[in-house]
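Encoded as structure tokens, the structure appears first; notes follow it.
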Ligand code: SF4
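Residue numbers (the working numbering): 1 to 415.
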């Protein structure tokens with residue numbers, strides 16, 4: 001039997017999943033399942049509990065170990081599940097000696113975490129791009145968000161460790177690395193000399209010349225530093241695809257969310273980035289039905305999609321998280337949240353369709369994924385290879401876009 005890792009949630013969890021797999025194997029845990037939970041929404045937590053029950057049925061003899069943000073925030077309720085053997089905290093899960101312990105609950109105070117240790121990950125079992133953690137935790141306290149209580153305060157991985165990890169991943173054959181964390185735009189604030197995210201990326205790209213594609217996870221629009229803006233404009237290895245943590249389009253809602261930006265800041269940042277790199281494609285996190293949101297306020301979010309020309313929308317119907325200030329505000333009815341999320345997703349689909357139309361006839365450099373017949377291009381667009389071509393995963397290939405179908409661009413491999 002093997003150690004199985006079941007990740008929920010973000011890219012940071014996927015990175016940490018590989019760290020835990022190595023620790024568990026080294027500890028001789030050969031018949032175990034690690035469930036790496038997420039707490040961002042009530043639905044994510046429900047799915048983790050459901051998975052735990054299913055895994056116990058499927059693997060009656062395995063040791064089931066639960067970790068991740070939901071376990072960090074509410075360890076007793078997971079420890080109380082008869083299916084669960086151990087609960088390990090988000091800080092403890094990255095330490096090798098946590099995996100040799102037998103205590104049923106090993107969860108410390110995450111707010112005591114002071115460092116974001118870097119763990120050399122050999123690879124990502126079933127993935128073509130590698131996730132590299134550069135930061136953990138968050139110092140902000142957005143009123144809807146439970147993450148800081150699962151991840152602690154912001155802390156950065158020293159640049160030297162990031163460079164070592166990137167070199168190891170490039171040597172292992174990864175053409176693309178995704179820098180991940182919880183709030184990566186706060187990178188460096190806790191390090192000597194307070195290097196900015198842009199400065200760190202500049203040094204990383206200089207020190208790892210063989211890295212072909214670098215992609216960033218979510219950015220806070222008002223925390224994009226000058227050096228990062230310059231890199232966006234001039235660095236071809238930095239992918240022209242930026243995912244923005246926008247959340248809403250109405251200033252009063254943004255204030256009630258305790259976000260650091262206003263609508264005009266988002267519009268200005270997108271325009272400034274496009275002025276420097278016109279083919280940049282934006283993704284964005286958007287919440288529908290935040291407490292007190294009325295129809296005109298929601299319309300402001302819909303309008304923002306067009307004004308910033310956002311393409312890849314990650315839409316979340318607001319989910320009240322226990323203990324957050326927003327959960328105590330006047331709630332929008334659940335069916336209204338879901339209906340608004342449906343409208344936002346439909347708008348997102350129209351945005352993608354329009355974007356695909358504009359891409360036909362153009363070119364795309366595709367990183368071929370596991371299937372061998374599809375992958376993603378520099379703009380994170382999903383591209384299926386035309387003419388039933390199949391290529392080795394991890395190959396970067398030049399294509400001409402000849403059409404679009406089933407949520408994919410169709411790319412003909414250049415002769
Ligand atoms: S920036 Fe806000 S939404 Fe993002 S992790 Fe921090 S508190 Fe949560």
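The beta carbon of each residue, even a glycine, is placed where N, CA and C say it ideally should be. Predicted model only: the values in this text are computed from it and were never measured.
DSSP places residue 67 inside the beta strand (DSSP E), whose first and last residues are 63 to 68. At a Cβ-Cβ threshold of 8 Å, residue 93 and residue 110 do not count as neighbours. The criterion of a C-beta distance shorter than 8 Å is not satisfied by residue 240 and residue 408.
Those residues whose C-beta sits under 7 Å from the nearest heavy atom of the ligand SF4 are, from N- to C-terminal order along the chain, 138, 140, 141, 142, 145, 147, 148, 182, 183, 220 and 245. Per DSSP, reduced to three states, the secondary structure at residue 274 is helical.
Annotation: the continuous alpha helix (DSSP H) that includes residue 15 extends over 11 to 26. Under the DSSP assignment, residue 363 falls outside any alpha helix (DSSP H), being part of the beta strand (DSSP E) whose first and last residues are 363 to 368. Cβ neighbours of residue 7 within its own chain (closer than 7 Å, five residues either side excluded): 13, 14, 17 and 36.
Using a 10 angstroms sphere on the CB of residue 402, the tally of other CB atoms stays under 16, which defines it as exposed. Excluding sequence positions up to five before and after residue 231, its CB lies within less than 7 Å of the CB of 198, 201, 202 and 238, all in the same chain and listed in chain order. Proximity to residue 326 across 337, 295 and 258 peaks at 258, based on C-alpha coordinates. Taken in chain order, the unbroken stretches of alpha helix (DSSP H) that lie wholly in the segment 179 to 221 and span 4 residues or more are 197 to 207. Within the segment 326 to 398, the complete beta strand (DSSP E) segments of 3 residues or longer fall at 363 to 368, 374 to 377 and 382 to 385, listed in chain order. Our two residues, residue 359 and residue 320, have alpha carbons roughly 39 Å apart in a direct line.
DSSP places residue 134 outside both helix and strand once states are collapsed to three, so it counts as coil. Assignment of beta-bridge partners to residue 319 by DSSP yields no partner.
Annotation for residue 23: 96 and 99 place their beta carbon closer than 6 Å to its own, counting only its chain and skipping 5 residues before and after.
Between residue 64 and residue 33, the beta carbon gap of about 5 Å places them in contact (Cβ cut-off 8 Å). Among the bridge pairs identified by DSSP, residue 312 is matched with 283. The Cβ atoms of residue 273 and residue 144 lie no closer than 8 Å to each other. Inter-residue distance for residue 172 and residue 316 is about 36 Å (C-alpha atoms, whole angstroms). The segment 326 to 344 and the segment 56 to 63 do not touch, with fewer than three beta-carbon pairs separated by less than 8 Å.
It is roughly 12 Å from the alpha-carbon of residue 228 to the alpha-carbon of residue 276.
About 14 Å separates the beta carbons of residue 179 and residue 224, which is beyond the 8 Å limit, so they are not a contact pair. The residues 11, 14, 15, 178 and 180, in chain order, have a CB closer than 6 Å to that of residue 131 in the same chain once the five nearest residues on each side in sequence are set aside. The residues 63, 64, 65 and 104, in chain order, have a CB closer than 8 Å to that of residue 85 in the same chain once the five nearest residues on each side in sequence are set aside. Following the DSSP letters along the chain, one finds residue 301 inside the alpha helix (DSSP H) bounded by residues 295 to 307. With contacts defined by Cβ atoms closer than 8 Å, residue 249 and residue 304 form a contacting pair. Membership of residue 409 in the beta strand (DSSP E) is indicated by the continuous run 408 to 413. For a cut-off of 8 Å, the C-beta gap from residue 246 to residue 264 is around 12 Å, too long to register as a contact. Contact check for residue 384 and residue 373: beta-carbon distance about 6 Å, within the 8 Å limit, so the pair qualifies.
Residue state for residue 88 is assigned as strand, using DSSP reduced to three classes. Note on residue 183: 16 or more other CB atoms within 10 angstroms of its CB, so buried under the neighbour-count rule.
The segment 155 to 172 makes contact with the segment 204 to 211: 3 or more CB pairs, one atom from each, lie closer than 8 Å.
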